[in-house]
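Accompanying notes for the structure given below.
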Amino acid sequence: MTLPLHHPDEELLIGYASGQERAGKSLLVATHLAYCPDCRQRVASYEDLCGAWFEELPCPPHAGLDGLLDRMMAGLPAAAPVTAEAAPPRPAAAGPSSGRLVPEPLRSWLPEAIDTPTDDGTWREISRGVWLSGWERTLSGTRICLLRMAADAPVPAHRHTADELLLVLRGAFSDEYGRYALGDVAHYAGGTDHYARGASEEDCICLFLLDGDLIFLDEDGNPL
Ligand SMILES: [Zn+2]
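So the sequence shown is numbered by the working numbering: it starts at 1074 and just counts up by one.
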């Protein structure tokens, strides 16, 4: 298995380690960790630091994530290089059709949708070769569903009002920053425009998290 190249940023990892991240993003981070020994190691370091910090300095009543981040970044060890021995365990294998190839904790959450064909009504086509799953959940304000892109199919130009995150569960896609394959995370801040396009022979399926609204744009970049 190839190791992920694109990781959650430090703020997300620390938020996850400290238990202060919102539930939807924590689900995405936890799933990425199943694929990524490097981030598992970093989270373990943050958890140690966080535990030590809380033992030494009881949390002031209004200390938020920002203060915690500053303190933790100051004492942060350098990332350890990923070694061949540290390869992640293979996600639990199952039969040929297999949402079960998705690791826990996400596996328990996922519907059958990941293994269903696009013409059975489970998927909603938003543009040619691009679908959103009918399955959708909201976790502490974060909308969670699956995004599916056929080979070379572009997601229509869009903008979002808050964070958008993608985690690749199958296949690969590309954007202006690179190519994302199994376990990779793409994180787009609110207000940014970006494109995405299927970049594997099989359909690319991603866990899709959205904090705000999704606004599709016309050819001139104006909201539709
Ligand atoms: Zn990682």
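Beta carbons are placed, not taken as given, at the ideal position from N, Cα and C, and that holds for glycine.
- Taking a 10 Å sphere around the C-beta of Asp-1121, we find fewer than 16 other C-beta atoms and assign the residue as exposed.
- Scanning Leu-1078, Trp-1196 and Trp-1204 for the CA closest to the CA of Ala-1269 turns up Trp-1204.
- Short of 6 Å from the beta carbon of Pro-1184, and not among the five residues preceding or following it, lie these beta carbons of its own chain, in chain order: Trp-1208.
- Distance from the CA of Gly-1088 to the CA of Pro-1190, rounded to the nearest whole angstrom, comes to 36 Å.
- With 6 Å as the limit, the residues whose C-beta approaches a heavy atom of ligand 1 more closely than that are Pro-1077, His-1080, His-1105, Cys-1109, Asp-1111 and Cys-1112, in chain order.
- At a Cβ-Cβ threshold of 8 Å, His-1233 and Asp-1293 do not count as neighbours.
- If you draw a straight line from the Cα of Trp-1196 to the Cα of Ser-1273, it is about 19 Å long.
- Taking a contact to require three or more Cβ pairs closer than 8 Å, the segment 1211-1227 and the segment 1254-1262 do not qualify as touching.
- The beta carbon of Leu-1179 lies closer than 6 Å to those of Thr-1104 in the same chain, with the five residues before and after it left out.
- Counted as a single uninterrupted DSSP element, the beta strand (DSSP E) harbouring Ser-1200 occupies residues 1196-1200.
- Buried is the label assigned to Ser-1247, since at least 16 other Cβ atoms lie within 10 Å of its Cβ.
- A buried status is given to Thr-1215, since no fewer than 16 other beta-carbon atoms sit within 10 Å of its beta-carbon.
- Taking the Cα positions, Leu-1219 is about 18 Å away from Tyr-1108.
- Put simply, of Pro-1077, Gly-1271 and Ile-1278 the residue whose alpha carbon is nearest the alpha carbon of Arg-1113 is Pro-1077.
- Within the same chain, Cβ atoms closer than 8 Å to the Cβ of Pro-1296 are found at Arg-1232, Ile-1288, Phe-1289 and Leu-1290, the five residues on either side in sequence being excluded.
- Here Pro-1227 is bridged, per DSSP, to Arg-1270.
- Ranking Ala-1090, Phe-1281, His-1079 and Leu-1101 by CA distance to the CA of Ile-1217 puts Phe-1281 first.
- Judged by their CB atoms, Leu-1100 and Leu-1238 are not nearer to each other than the 8 Å cut-off.
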